[in-house]
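In our numbering, the protein residues as written are 246 to 1010.
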């Protein structure tokens, strides 16, 4: 994609379908006049009066306790510099989005039109009653130090300048673990800090709090080493001025144990690395390009422990590991500030988490067999679901122990459960899927590439590294559409109807005819069928010319399924294929089966569909908890539609006693554990969060998934084909671009999974 195309795509993302990235969403009913009279006049007077009596009641009756202000004056925005408050707003909205998706914290972004420190502080103080916390962002140094210091002193809610403390907290956790792996002592290591801005000063202070000695630190700015004999140093730079008579980074790096980069790209040379001590620790955190490229660093020093700010290398120092969870813990105990004890608690929680066994979901997301504590894993991954359950409690406990918590937590297990419940409100699983696909992209045939939305999806998966597209369709049409959307990559385009594909068509036709000649297929009819895209595409996958297939955008489902069954067939032991849809709901990911294939499955079919659904859920790195749903509960009806579910459940309980499955159950009992526990305490699902519903027929499954999709705007990934020999996935008619992209990621992961299975079985043979 050209730079101009990337620019336009970014602008469209922020402008459409409506401008911006965040919105205010009502949390109370508002449909009736009664609702509105409670929401506003006259009912709203009652909480107002209660708050007047006791100001703390504002946390009980309003959103203040879960509301953070992200505030900037736009003087130090990303790498863009002083671009002003209006130009900083997209970044502040983005920060608000991260708060929401990682910790379920609501945000108002506020851009203040002044560079005067006193005016800025006064503005924040005047609006502070609205918020439960203040996140300062993108304010230039040295003003940032004064602003944060005074606001912390003068306000009674948590205040944190993330540019200072975010990187400090994450890198300190990484440094603790890196020093341990290097078999060194933090109080003895010699540290070089390249950069003297807000982040560098905060990092240096926090490293000291972790045990590092100031006399062992050398800090550099754009003029070189900050020495104590240099004139006109700011108070912050003077704090870290060295007495050593050195001037350059070259000199500072000799025999250094640690390099901390918060400056600019490519300032560290291989010779500098070679001059460092044994087992050097290098955190090159300049973004997007680090102080030394990762590949150069690890090639130069085999004993290096390396971290960067990039997601495409191990050990990413990413602020999102910190600020959402720190504020979450602070808000949940109504802390009056974020103090040093709370920051240190976050450091220790992150360092400790990196040493614990990694959930399979995280291994799958990052394409690892087993992530373990070591040189390439010194801090947790941003997608680790344990972050929200580990860091906020540590911060909350520190707030309580240091005396700044106004609402202590007493039941920590209940609190952790509530934090994990919050995690279900976002689309982390989609990000996990895309990330996993990127680690080992496969060749995916798009059988309808002359449809604009399909081609747009192919462009995205190519540019994002999710898959290697193969485009099927009319070549002239595809090339015209490619030019229209500026998709200029050299991608294979195949039109099965052209003469140039005759050799391949004949080859495929012969294979197909050999397979089905005793079932009424002639060689001529096989040749004719190979002109059809879905037959041709299926043969490409069968013959190893592609790894996976996506079709169905413009044709009805049965038409597309037929060639797949004829050419590719089912996995050994499967008598019926089925589909499941993954719905991204407010309660978390929910699989629905069978949404597209089996009209009225038998008890035996339902048992097999349930088993296949469980395998798909495991493929996503989750533990399957399946409810087989009906209009009845545990024998309350003798109708055939209910009794076949009981029969299927009985079979599964006998033959797969460890499977978390039960039924027949009404859907509300399946999804509401309190109801289930009260009425049916014997159920195998009590105390577990159901993540899959298996329906008695196609009507109920298909209707349910489309209702969820349309009424609740739940994102849908699917239908995911289950039981096929090869990775074949069929879209719903008219699927959106995003749905096609997500299904492509599924197809890639399916191909990865099948490839792994084949290799493992080949090894056994």
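Ideal Cβ positions, reconstructed from N, Cα and C, are used throughout, including at glycine.
Using a Cβ-Cβ cut-off of 7 Å (strictly less than) and excluding sequence neighbours within five positions of residue i, which residues of its own chain qualify?
i	result
residue 284	273, 275
residue 670	Confidence is the limiting factor: at residue 670 the pLDDT is only 41, short of 50, which leaves the residue's position unreliable and the question unanswerable from this model.
residue 452	417, 420, 436
residue 657	638
Could you tell me the alpha carbon to alpha carbon distance between residue i and residue j, rounded to whole angstroms?
i	j	result
residue 553	residue 678	23 Å
residue 266	residue 260	9 Å
residue 895	residue 539	55 Å
residue 362	residue 551	38 Å
residue 767	residue 792	27 Å
residue 476	residue 470	13 Å
residue 534	residue 542	13 Å
residue 1015	residue 328	The structure shown does not extend to residue 1015, since the chain spans only 246 to 1010, so no value can be given for it.
residue 373	residue 953	39 Å
residue 367	residue 596	37 Å
residue 511	residue 254	29 Å
residue 798	residue 981	9 Å
residue 682	residue 730	24 Å
residue 528	residue 537	10 Å
residue 293	residue 299	10 Å
residue 337	residue 646	32 Å
residue 653	residue 369	27 Å
residue 474	residue 458	20 Å
Using 10 angstroms around the beta-carbon of residue i, count the other beta-carbons present and answer buried if the total reaches 16, otherwise exposed.
i	result
residue 997	buried
residue 547	exposed
residue 844	exposed
residue 931	exposed
residue 396	buried
residue 765	exposed
residue 258	exposed
residue 406	buried
residue 461	buried
residue 488	exposed
residue 313	buried
residue 753	buried
residue 919	exposed
residue 568	buried
Please list, in chain order, all residues of the same chain as residue i whose beta carbon is under 8 Å from its beta carbon, the five residues on each side excluded.
i	result
residue 466	440, 441, 482
residue 665	630, 633, 634
Nearest to residue i by alpha carbon, out of the options?
i	options	result
residue 565	723, 512, 347, 651	347
residue 628	607, 356, 317	607
residue 808	835, 837, 778	778
residue 912	889, 577, 941, 892	941
residue 869	834, 926, 686, 319	834
residue 531	746, 561, 710	561
residue 818	1000, 314, 970, 649	970
residue 886	503, 715, 763, 848	848
residue 522	502, 248, 314	502
residue 423	413, 390, 355, 524	524
residue 384	331, 318, 803	318
residue 841	290, 825, 356	825
residue 929	908, 860, 937, 916	908
residue 388	443, 370, 351	443
residue 750	494, 726, 784	784
residue 1019	579, 641, 557, 615	As shown, the chain starts at 246 and ends at 1010. That puts residue 1019 outside it, with no answer to give.
Since residue i and residue j are thought to touch, with beta carbons under 8 Å apart, how far apart are those beta carbons, to the nearest angstrom?
i	j	result
residue 526	residue 427	6 Å
residue 599	residue 643	That pair is no contact at about 19 Å.
residue 939	residue 855	5 Å
residue 408	residue 382	7 Å
residue 990	residue 711	6 Å
residue 572	residue 880	No, residue 572 and residue 880 are not in contact; Cβ-Cβ is about 49 Å, not under 8 Å.
residue 410	residue 588	6 Å
Give me, in chain order, the residues of the same chain whose beta-carbon lies closer than 6 Å to that of residue i; leave out the 5 immediate sequence neighbours on both sides.
i	result
residue 695	718, 719, 722, 723
residue 757	771
residue 692	717, 778, 779, 782, 796
residue 430	none
residue 732	704
Beta-carbon of residue i versus every beta-carbon of chain C: anything under 8 Å?
i	result
residue 383	Among the chains of the structure shown, chain C does not appear; only one protein chain is present.
Please tell me whether, using a cut-off of 7 Å, the distance from the CB of residue i to the nearest non-hydrogen atom of the ligand SAM is below it.
i	result
residue 857	This structure simply doesn't include the ligand SAM, nor any ligand for that matter.
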